[in-house]
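>
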Amino acid sequence: MPYSLADLFCGAGGMTLGFVDRRFGGGFECVLGLDNDGASVETHSRNLGGEGVRQNIEDWVKSGRIPNVDVVVGGPPCQGFSLLNRARDGDGRRALWVPYLDAVRQSGARVFVMENVAELYRSPELVDIRAYASRLGFETIAAVLNTADFGVPQTRKRTIVIGWDRARVPGGVRLPTRTHEDFLTKGSRDPALLPWRTVREAIADLPRETIGTEIGKKRTLDLHFGRTPTSKSMARYRAVPPGGNRFDLQKNAPEITPDCWIRKKSGGTDLFGRLWWDRPSVTIRTEFFKPEKGRYLHPEEHRPISHREAARLMGFPDDFRFSGTKIEVARQIGNAVPPPFAGAIARAVKHALEVADREAMNGTKAVEAA
826 MPYSLADLFC GAGGMTLGFV DRRFGGGFEC VLGLDNDGAS VETHSRNLGG EGVRQNIEDW
886 VKSGRIPNVD VVVGGPPCQG FSLLNRARDG DGRRALWVPY LDAVRQSGAR VFVMENVAEL
946 YRSPELVDIR AYASRLGFET IAAVLNTADF GVPQTRKRTI VIGWDRARVP GGVRLPTRTH
1006 EDFLTKGSRD PALLPWRTVR EAIADLPRET IGTEIGKKRT LDLHFGRTPT SKSMARYRAV
1066 PPGGNRFDLQ KNAPEITPDC WIRKKSGGTD LFGRLWWDRP SVTIRTEFFK PEKGRYLHPE
1126 EHRPISHREA ARLMGFPDDF RFSGTKIEVA RQIGNAVPPP FAGAIARAVK HALEVADREA
1186 MNGTKAVEAA
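When you line the sequence shown up against this note's numbering, it's residues 826 to 1195, in that order.
Here's what the structure looks like:
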């Protein structure tokens, strides 16, 4: 029987997909996906099975309907820690790890995996999280990992906290083993590792032109739609050369550059930037369809990346079906855990559980023999 899994704050299910889909090395069985966003729950249920629950985690924990599972995964909403949230002090979303860990305890899980933004790693909350987990009987390990090191065509640094029941998984869980490396910058090659996957590898086979402006019905290209840019937007796109950004826009077309960008002489080098073909993408966020939010212009075409291209850069396969409006789907993509990255974590967790089960079985046999 496969190990069972519950995903809290599941979103579209990127973490679950890495754990259950054998293409990513998982093989777990999803029992439940919980989120307070209806479109996300629908996407998760549509693709990953198990019970889909739309509810706030605090209310769900009080309901007593927590299933018994081997592993609990998920991450409290990251905006409370993000550097993009300047008023994050006192943000209630920072405390949602408490009901998360309460759910871990009530589910009887032997392992939990918590994912969040890199800033969590150096926050006082991480100290509190690990202390609370210890009181519940869990040892923990935490690190900031780059998803590009695990086969995702995107540089996305995230804090991963893995906890294991010290009595039932005495050998512990190791961090996932990286499979890829930045040979371009490093200038040398480790023969045991593959080079980082690039934007070209992820999206170059898609049509250069997007198809319409709405979510379509074709199975492979249903998210490869575009926008209807104004003439000024098109002029701005054309003013940015390959690898360029807002500073190139200001140099080539100052008359259509926003005044706020002209006044800001430094910083924001990714704003209105083009992705590079032969590097991983920058971090895909929820508004990747707005180039003023980051380096989200296509490497050559005069447009932002499509939803399909963003999903590819997150590592979602084309057969994964999203539910919701264009904005809801974009939010699901940008907030997801990249499935290949989740798969690497799943392999580490599965190995630890298998070792623990073998040792428990051998111990039982030894007792019986005695």
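Note that CB positions come from ideal geometry on N, CA and C, so glycine has one too.
1. Looking at the structure shown, is residue 1030 part of a helix, part of a strand, or coil, going by DSSP?
2. Distance, Cα to Cα, residue 946 vs residue 1039?
3. Skipping 5 residues on each side, what residues in its chain have a beta carbon closer than 8 Å to that of residue 1181?
4. Among 847, 869, 902, 930, which residue has its Cα nearest to the Cα of residue 886?
5. If you measure between the beta carbons of residue 851 and residue 1168, is that distance less than 8 Å?
6. CA-CA distance, residue 767 and residue 1135?
7. Give a yes or no on contact between the region 1020-1032 and the region 1096-1115, applying the rule of three or more CB pairs nearer than 8 Å.
8. Let me check understanding here. Comparing Cα to Cα, which of 839, 1099, 1048 lies closest to residue 1064?
9. Ends of the alpha helix (DSSP H) at residue 1153?
10. Answer yes or no: do residue 1111 and residue 1156 have a C-beta to C-beta separation smaller than 8 Å?
11. If you follow the beta strand (DSSP E) that residue 990 is in, where does it begin and where does it stop?
12. Would you list the one or two residues that DSSP bridges to residue 879?
13. Does the distance from the C-beta atom of residue 844 to that of residue 898 stay below 8 Å?
14. Which of helix, strand or coil does DSSP assign to residue 910?
15. Under a Cβ-count criterion, where at least 16 other Cβ atoms within 10 Å of its own Cβ denotes burial, should residue 1230 be classed as buried or exposed?
16. Could you give the first and the last residue of the continuous alpha helix (DSSP H) run that contains residue 1134?
17. Out of curiosity, what's the CA-to-CA distance linking residue 874 and residue 863?
18. Using 8 Å for Cβ pairs, my map puts residue 975 next to residue 1165. What's the rounded Cβ distance?
19. For residue 833, which residues from the same chain have a beta carbon less than 7 Å from its beta carbon, with the 5 sequence-adjacent residues on both sides left out?
20. On a CA-only basis, which of 1133, 1144, 1143, 1096 is nearest residue 1122? Give me that one, please.
21. From this set, 954, 846, 950, 1128, which residue's C-alpha is nearest residue 1172's C-alpha?
22. Opposite residue 896 in the DSSP bridges: which residues?
23. By Cβ distance below 6 Å, which residues in the same chain neighbour residue 1057 in space, the five residues on each side in sequence not counted?
24. Which residue marks the beginning of the beta strand (DSSP E) containing residue 970, and which one marks its end?
25. Spatial neighbours of residue 1001 within its chain, please: CB distance less than 6 Å, with the 5 preceding and 5 following residues excluded, ordered by chain position.
26. By how many angstroms is the C-alpha of residue 1077 removed from the C-alpha of residue 1070?
27. Looking only at its chain, what residues have a beta carbon closer than 7 Å to the beta carbon of residue 1047, apart from the 5 residues adjacent to it on each side?
28. For residue 855, list the residues DSSP reports as bridge partners.
29. Quick check on residue 1074: buried or exposed, where buried means 16 or more other Cβ atoms within 10 Å of its Cβ?
30. What would DSSP say about residue 886, mapped onto helix, strand or coil?
31. Taking 8 Å as the threshold (C-beta atoms), are residue 921 and residue 949 in contact?
The structure says:
1. coil
2. 39 Å
3. 935, 993, 994, 995, 996
4. 930
5. yes
6. In the structure displayed, the chain extends from 826 to 1195; residue 767 sits before or after that span and is not available.
7. yes
8. 1099
9. 1151-1160
10. yes
11. 982-990
12. 860
13. yes
14. Because residue 910 sits at a pLDDT of 48, beneath the cut-off of 50, its placement in the model cannot be relied upon, and the following sentence gives the value as read from the coordinates. The answer is coil: DSSP assigns residue 910 none of H, G, I, E or B.
15. The structure shown does not extend to residue 1230, since the chain is modelled only from 826 through 1195, so no value can be given for it.
16. 1132-1139
17. 15 Å
18. 6 Å
19. 859, 882, 897, 899, 925, 928
20. 1096
21. 846
22. 830, 936
23. 1081
24. 963-971
25. 1169, 1170, 1173
26. 11 Å
27. 1040, 1041
28. 830
29. buried
30. helix
31. no
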